[in-house]
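I have placed the structure first, in the form of structure tokens, so that the comments after it can refer back to it.
Protein chains in written order, with our numbering: chain A, 672 to 943; chain F, 53 to 210.
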């Protein structure tokens, strides 16, 4: 008798769950279980720290092979960067003077806070990380999250003491970008495993290793932050646009500390 | 005993996101659901799967339900296998876990596009789903002792 009841119970369970999900899709995700998020985050943070520590040991001691060679290369790289830095300083002075002459406003990024990554998404469906700062630290939805290397994503959901950051590689993510050289604009969309640059016409001269920076047109990411570089271009015969793959400057699987910024004071007030 | 299983589940969920192989997160949670279902039958398997899915849904900070449903179905199927598998071996274990992971992922994907307007096409996710299923299936050998014990107990109750 009980054996026959099992499929019925199973069916009832599915019907209840479907009704609940329908309700959530209409009225927003349930907050009923949010009280469990803090202990889960704490355990995740501990887990992440253990993993990070173990990875650090492996990287520090096992991958020491080849460090000398890498050191030589880096020294040569530093020398080249030093020379480039000097040219940049010159260009900045020149730029400041020209802006003054043109009477343009200085486009400054506003710093909100810095945070540490405490956990990663547990599934393959979303590319997101959790940070240890939340609404109590002034974080609001749609604030940009960056590292010194480049953009990593935007704040997607804010809790009292933590926030979920959706990474630029997530399918729900898109950024307005511009080629650093040609100044041509496009949109980078997440493609789960990487990034895709969209709406670049077939006749546009995009090259491998071209650098893309934020254009500021989306009003989420401040202007001029490095995003990534082009690693693959496919020009299809009949399509309007090129298929372009982009690799982010920041390795999205090894993010530790991040900075939350907004493009303007208006954006701080606009955040939810 | 159930406390130990729940504690292990909590730890697995804490660590799972940090473990990546070839860019994919192996679904260790489903290994636990599968093992629990085989050891305890349909309804306990479904309940344990639902608990695992609920924790995953809460930790994602999103819609509560997709993982809950997927893992509950996986637990129910695993529980029903307890009375149906006659000759268990490693290959069968691999095939069953791969299939159950694929079912779970498909259920989650369908829930996300229906209830969360998930913007990605199935094509975007077919490769990760397939790869994750095979990877999880391959990791199935880790739980072989648990499965063997569960099947022996299942034979007694048949």
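Ideal placement from N, C-alpha and C gives every residue a C-beta, glycine not left out. Just so we're clear, the structure is a prediction, and the values are computed from it rather than from any experiment.
- residue 121 (chain F): contacting residues in chain A (beta-carbon distance under 9 Å): What residue 121 (chain F) touches in chain A: 684, 685, 688, 689 and 692.
- Task: Would you mind listing the beta strand (DSSP E) stretches within the stretch 803–840 of chain A that are 3+ residues and don't spill past its ends, in chain order?
- Result: Runs of the beta strand (DSSP E) lying entirely within the stretch 803–840 of chain A and spanning at least 3 residues, in chain order: 815–817, 822–829 and 834–838.
- Short Cβ contact (9 Å threshold) for residue 692 (chain A) with residue 118 (chain F): Contact: yes.
- residue 132 (chain F) to residue 153 (chain F) span [Cα, whole Å]: Going by the C-alpha atoms only, they are around 16 Å apart.
- Give me the Cα-Cα distance between residue 879 (chain A) and residue 918 (chain A), rounded to the nearest whole angstrom. So the alpha carbons of these two residues sit roughly 11 Å apart.
- residue 114 (chain F): which of A:912, A:828, A:872 and A:727 sits nearest, CA to CA? Comparing Cα positions, the closest option is A:828.
- Item | Interface residues of chain A facing residue 84 (chain F) [CB-CB closer than 7 Å] | What residue 84 (chain F) touches in chain A, judged by beta-carbon distance under 7 Å, is nothing: the nearest beta carbon there is about 13 Å away.
- Task: For the stretch 696–714 of chain A, enumerate the residues whose C-beta is nearer than 7 Å to any C-beta of chain F, in chain order.
- Result: Listed by position along the chain: 696, 700, 701, 704, 707, 708, 711 and 714.
- Task: Provide the residue(s) that pair with residue 147 (chain F) in DSSP beta bridges, ordered along the chain.
- Result: For residue 147 (chain F), DSSP assigns no beta-bridge partner whatsoever.
- Message: If we define contact as Cβ-Cβ less than 9 Å, is residue 830 (chain A) a contact residue for chain F?
- Response: Residue 830 (chain A) counts as touching chain F.
- If you compare alpha carbons, which of A:842, A:751 and A:857 is closest to residue 848 (chain A)? The shortest Cα separation from residue 848 (chain A) among A:842, A:751 and A:857 belongs to A:857.
- Span of the alpha helix (DSSP H), counted from its first residue to its last, around residue 74 (chain F): Bounds of any alpha helix (DSSP H) do not take in residue 74 (chain F), whose DSSP letter is neither H nor E.
- Query: Shorter than 9 Å from the beta carbon of residue 62 (chain F) to some beta carbon of chain A?
  - Reply: Interface residue, yes.
- Task: Measure from the C-beta of residue 933 (chain A) to each C-beta in chain F and report whether the shortest distance is under 9 Å.
- Result: No, residue 933 (chain A) does not count as interfacial toward chain F.
- Item | Contact list for residue 790 (chain A) against chain F, beta-carbon separation under 7 Å | Neighbours of residue 790 (chain A) in chain F, taken as residues whose beta carbon is under 7 Å from its own, are 69 in chain order.
- Message: Can you check whether the C-beta of residue 148 (chain F) is within less than 9 Å of a C-beta belonging to chain A?
- Response: No, residue 148 (chain F) does not count as interfacial toward chain A.
- Message: Quick check: what's the CA-CA separation for residue 195 (chain F) versus residue 145 (chain F)?
- Response: Taking the Cα positions, residue 195 (chain F) is about 10 Å away from residue 145 (chain F).
- Backbone CA spacing between residue 182 (chain F) and residue 122 (chain F) [nearest angstrom]: Going from the Cα of residue 182 (chain F) to the Cα of residue 122 (chain F) covers about 16 Å.
- Task: Would you kindly report the start and end of the unbroken alpha helix (DSSP H) that includes residue 107 (chain F)?
- Result: Unbroken alpha helix (DSSP H) run through residue 107 (chain F): 94–112.
- Message: Given this structure, state the Cα-to-Cα distance separating residue 830 (chain A) from residue 854 (chain A), to the nearest angstrom.
- Response: The alpha-carbon atoms of residue 830 (chain A) and residue 854 (chain A) are separated by roughly 38 Å.
- Item | Minimum C-alpha distance to residue 704 (chain A) - residue among F:67, F:111, F:135 and F:201 | Across the set F:67, F:111, F:135 and F:201, the C-alpha of F:111 shows the shortest separation from the C-alpha of residue 704 (chain A).
- Message: Spatial neighbours of residue 191 (chain F) within its chain, please: C-beta separation below 6 Å, excluding the five flanking residues on both sides.
- Response: Only 78 meet the Cβ criterion.
- With a 10 Å radius around its C-beta and 16 neighbouring C-beta atoms as the bar for buried, classify residue 712 (chain A) as buried or exposed. Taking all protein chains shown into account, residue 712 (chain A) has 16 or more neighbouring C-beta atoms within 10 Å of its C-beta and is therefore buried.
- Message: Pull the bridge partners of residue 900 (chain A) from the DSSP assignment, please.
- Response: According to DSSP, residue 900 (chain A) bridges with A:882 and A:918.
- Name the one or two DSSP bridge partners that residue 782 (chain A) has. Bridge partners of residue 782 (chain A): A:932.
- Message: Given this structure, state the Cα-to-Cα distance separating residue 923 (chain A) from residue 823 (chain A), to the nearest angstrom.
- Response: The alpha-carbon atoms of residue 923 (chain A) and residue 823 (chain A) are separated by roughly 7 Å.
- Message: With DSSP as the reference, identify every bridge partner of residue 856 (chain A), one or two as the case may be.
- Response: Per DSSP, A:849.
- Message: Is the beta carbon of residue 717 (chain A) closer than 9 Å to that of residue 104 (chain F)?
- Response: In this structure, residue 104 (chain F) lies away from residue 717 (chain A), with their beta-carbon atoms at least 9 Å apart.
- Whole-angstrom Cβ separation of residue 167 (chain F) and residue 701 (chain A), contact assumed at under 8 Å? Their Cβ separation, rounded to whole angstroms, is 12 Å, which puts residue 167 (chain F) and residue 701 (chain A) out of contact at 8 Å.
- Message: Let me check understanding here. Comparing Cα to Cα, which of A:794, A:835 and A:927 lies closest to residue 814 (chain A)?
- Response: Of A:794, A:835 and A:927, the residue nearest in Cα terms is A:835.
- Item | Contacting positions in the stretch 831–862 of chain A - beta carbon closer than 8 Å to chain F | With the criterion set as a beta carbon lying under 8 Å from some beta carbon of chain F, the members of the stretch 831–862 of chain A are 835, 842, 843 and 862, in sequence order.
- May I have the straight-line CA-CA distance separating residue 782 (chain A) from residue 882 (chain A), to the nearest angstrom? In this structure, the CA atom of residue 782 (chain A) is about 24 Å from the CA atom of residue 882 (chain A).
- Item | Beta-carbon neighbours of residue 681 (chain A), restricted to chain F and to distances below 9 Å | Here the neighbours are 94, 95, 98, 124, 125 and 128.
- When the Cα of residue 788 (chain A) is compared with those of A:930, A:935 and A:934, which residue comes out closest? Ranked by how close their Cα comes to the Cα of residue 788 (chain A), the residues A:930, A:935 and A:934 have A:930 in first place.
- Mind checking residue 102 (chain F): buried by the 16 CB within 10 Å criterion, or exposed? That one is buried.
- Item | First and last residue of the uninterrupted beta strand (DSSP E) at residue 868 (chain A) | Taken as a continuous stretch (DSSP letters only), the beta strand (DSSP E) holding residue 868 (chain A) covers 866–869.
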